Structures are given as structure tokens and as C-alpha cells.
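Heads up: the sequence shown runs through residues 1 to 130, numbered per the UniProt record's numbering.
Beta carbons: idealized from backbone N, C-alpha and C, even for Gly.
Being a predicted model, the structure only gives us computed values, none of them experimental.
Reviewing the structure listed below.
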Amino acid sequence: MSESIENFLEKIYLFSKDKNRPIKTTELAKLLNIKPSAVTNMAKKLHKLNYVIYEPYVGITLTTKGIKRAKTILDKHSTIKVFLTECLGLNNERANEEACKLEHALSDDTLQRLKHFMVGYEKDKKYKDK
1 MSESIENFLE KIYLFSKDKN RPIKTTELAK LLNIKPSAVT NMAKKLHKLN YVIYEPYVGI
61 TLTTKGIKRA KTILDKHSTI KVFLTECLGL NNERANEEAC KLEHALSDDT LQRLKHFMVG
121 YEKDKKYKDK
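Structure (C-alpha cells):
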């Protein structure tokens with residue numbers, strides 16, 4: 001899945017979670033800094049793939065499949081950000097920027113391995129702090 005599609009799903013998910021309503025194409029265009037026509041084209045494409053429900057003049061809503069994918073993307077982002085701040089000592093802003101880039105390239109297998117590493121790292125850190 002392309003970075004632009006993942007960003008699209010991520011923004012819809014976060015908007016819907018906050019506002020609890022479909023996001024209009026103009027709103028999403030502003031969030032993604034792209035033209036509304038590009039949002040409409042992407043919404044139609046993702047509607048065919050069953051990631052979103054797109055209704056002209058109503059807005060865009062994630063399907064169950066879309067929600068699942070968006071949560072996976074956000075989980076990757078969160079895991080990477082924690083790794084970058086806790087293990088590598090990056091500040092929050094830089095860690096967030098780097099996580100945004102890395103979340104799209106990281107495979108699910110690598111994510112699971114990183115999570116496993118983080119569990120061991122946290123246990124080791126707690127042991128050393130005693």
C-alpha cells in the first residue's frame with residue numbers, strides 16, 4: 001500500500017475518532033494539503049477496494065477494513081516513535097517526523113520484532129533502574 005493511501009486512511013481515522021462523523025473531501029484536502037479533486041479520486045479508488053464508504057456531498061467514512069488498516073498504521077507510528085524517543089533519545093518532534101517516514105516502510109514482521117525488542121528493553125531498563 002502506498003504512503004499516500006496510508007496517510008489518507010490515517011487522517012480519516014483520526015478525524016472520525018475526534019469528530020464522530022464523515023469527513024468532507026474539502027476538509028481532508030486541507031489536512032493532506034492536496035486538491036479536493038485528488039481526494040475525490042482517492043476516495044473513489046478506496047471505495048472500490050472496500051477501505052472507505054464515499055458518498056458525494058456527504059463525505060468519507062472508513063469501513064471495518066479501513067479502520068483495521070488505519071489502526072495498524074497508527075500502531076506502527078506509535079511503536080517507532082517510542083523506540084526513537086526511549087531507545088535512541090530523539091526529542092518528540094523529531095521522533096514524530098521520523099516515525100511518519102518509517103511507518104510506511106516497516107513490514108508487519110519487522111514491527112512485531114521491534115515490539116518484542118521494546119518489551120525486553122523495558123524489562124532491562126526497569127531492572128537497571130532498581
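- About 5 Å separates the beta carbon of residue 73 from that of residue 6, a gap short enough to meet the 8 Å contact definition.
- Less than 8 Å divides the Cβ of residue 70 from the Cβ of residue 10.
- Taking C-beta atoms as the reference points, residue 57 and residue 47 fail to come closer than 8 Å.
- One alpha carbon belongs to residue 89, the other to residue 28, and they sit about 33 Å apart.
- The C-alpha of residue 80 lies about 6 Å from the C-alpha of residue 99.
- Bounds of the beta strand (DSSP E) holding residue 62 are 59 to 62.
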